[in-house]
Amino acid sequence: MPFLLTCWKVNLAGAMEFRMSFFMTAGMMFLNNMIWMFFWSLFFNRFPTVNGWQLQDVMLMWAVGTAGFGWTSVLLGNYNRIAAIAASGQLDVYLTQPKPVLLHVLASRMSLTAIGDFLFGLCIYAFVGDFSPGGLLRFALGVLIAGLIFLFFNLGAGSLAFYIGNAEGLSFQLFNSFIMLTTYPTDIFKGFARIILFTAVPAGFISYMPIGLLRGAQPGFVYGSLIALIFLAVSSLLLFHRGLRRYSSGNLTGMRSG
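So in the working numbering the end of the sequence shown lands on 262, straight run, no missing numbers.
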């Protein structure tokens, strides 16, 4: 924990060196999310209910998704750059230092835009959320699960670089597809597409949170989310650590750049 706290302190200090850029970057992401909410409000003004979903549900979906993505990307911001780091030989720097390799890689970068995402999620929940003790607890659990699903899914996708070479393009596409699928109500997808949402690309466990957890915890969904999270965690960690044994040095000499 002291090591992680030091990494986060250094990352934040580096970001605050350019304060105007820091606030503008986070602010632009916050504004970008607000624009999406504006378009969703226009849609639900025309169609008040879509497959049981209302505007409040969509807002809560965005609150959980952006807050979960935000905290993960702020604290462990390299999770979506594993493929690029492995393919370019940048792991050399981490392998030569006496710290856990994966933890060091993940914590060595902070995403400035994700700060705007996290604050946006909190603000949306403050606007439409349930502030009872149970409601706050469910929201916190949803944000935690969402962030960890983001983390481990993209860690697994990035770890493919150890096995198939330069997987940066594939990892980037999976990352963007995953984010996109968490921003649409789950119940608009049917049949095979819905199966994919809860298996191969498990974004459905995030986008269904407003119905399965925040409205009132559905045991089947909660247990399913936890099982999916455990499976993602175990499989992605195995992919990374077994892949690390296959890693070939890039013969780079340099300091960690984040």
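Each residue gets a CB set at the ideal place from its N, CA and C atoms; glycine is no exception. Note that the structure is predicted; figures quoted are calculated from it, not measured.
In this structure, Tyr-212 lies away from Leu-95, with their beta-carbon atoms at least 8 Å apart. Under the criterion of beta carbons closer than 8 Å, Gly-169 and Ala-91 qualify as touching, at roughly 7 Å. If you draw a straight line from the Cα of Phe-51 to the Cα of Val-147, it is about 28 Å long. About 19 Å separates the CB atoms of Asp-61 and Ile-183; that is not less than 8 Å, and the two are not in contact. Apart from sequence neighbours up to five positions away, the residues of its chain that approach Leu-110 with a beta-carbon distance below 6 Å are Leu-80, Asn-82 and Tyr-83, ordered along the chain. Annotation for Ile-168: the continuous alpha helix (DSSP H) segment containing it runs 165–168.
Contact between the segment 158–167 and the segment 237–248 is present: three or more C-beta pairs spanning the two stretches fall below 8 Å. Remark: C-beta atoms of Ala-130 and Val-78 do not approach each other more closely than 8 Å. Residue Leu-8 holds the alpha-carbon nearest to the alpha-carbon of Lys-103 among Ala-71, Leu-8 and Asn-158. Residue burial annotation: Phe-235 is exposed, with fewer than 16 other C-beta atoms found within 10 angstroms of its C-beta. The Cβ neighbour count for Ile-39, taken over all protein chains shown within 10 Å, is under 16; the residue is labelled exposed.
For Met-5, no alpha helix (DSSP H) encloses it, and the DSSP letter there is neither H nor E. Cβ-Cβ distances below 6 Å link Leu-217 to Arg-142 and Gly-146 in the same chain, with the five nearest sequence neighbours on each side left out; the list follows chain order. In the three-state DSSP reduction, Val-205 falls in the coil class, being neither helix nor strand. For a cut-off of 8 Å, the C-beta gap from Ala-237 to Phe-209 is around 13 Å, too long to register as a contact. Rounded to whole angstroms, the gap between the alpha carbons of Thr-53 and Thr-187 is 17 Å. Contact between Phe-122 and Gly-69 does not hold, since the beta-carbon distance rounds to 11 Å and is not under 8 Å.
Out of Phe-43, Asn-37, Leu-178 and Ala-221, the CA that lies nearest to the CA of Ile-86 is found in Leu-178. If only uninterrupted beta strand (DSSP E) runs of at least 3 residues are considered, none is enclosed by the segment 48–101. Rounded to whole angstroms, the gap between the alpha carbons of Arg-113 and Leu-16 is 9 Å. A distance of 8 Å or more separates the beta carbons of Val-132 and Met-65. Each residue's CA atom was taken as its position, placing Phe-225 and Phe-202 some 11 Å apart. Residues Ala-87, Leu-164 and Ala-165 of the same chain have their beta carbon placed closer than 6 Å to that of Ala-171, with the five preceding and five following residues left out of the count. Note on geometry: alpha-carbon atoms of Asn-55 and Asp-191 lie some 6 Å from one another.
At the C-beta level, Leu-126 and Ala-71 come within 8 Å of one another. Cβ-Cβ distances below 8 Å link Ala-221 to Arg-142 in the same chain, with the five nearest sequence neighbours on each side left out; the list follows chain order.
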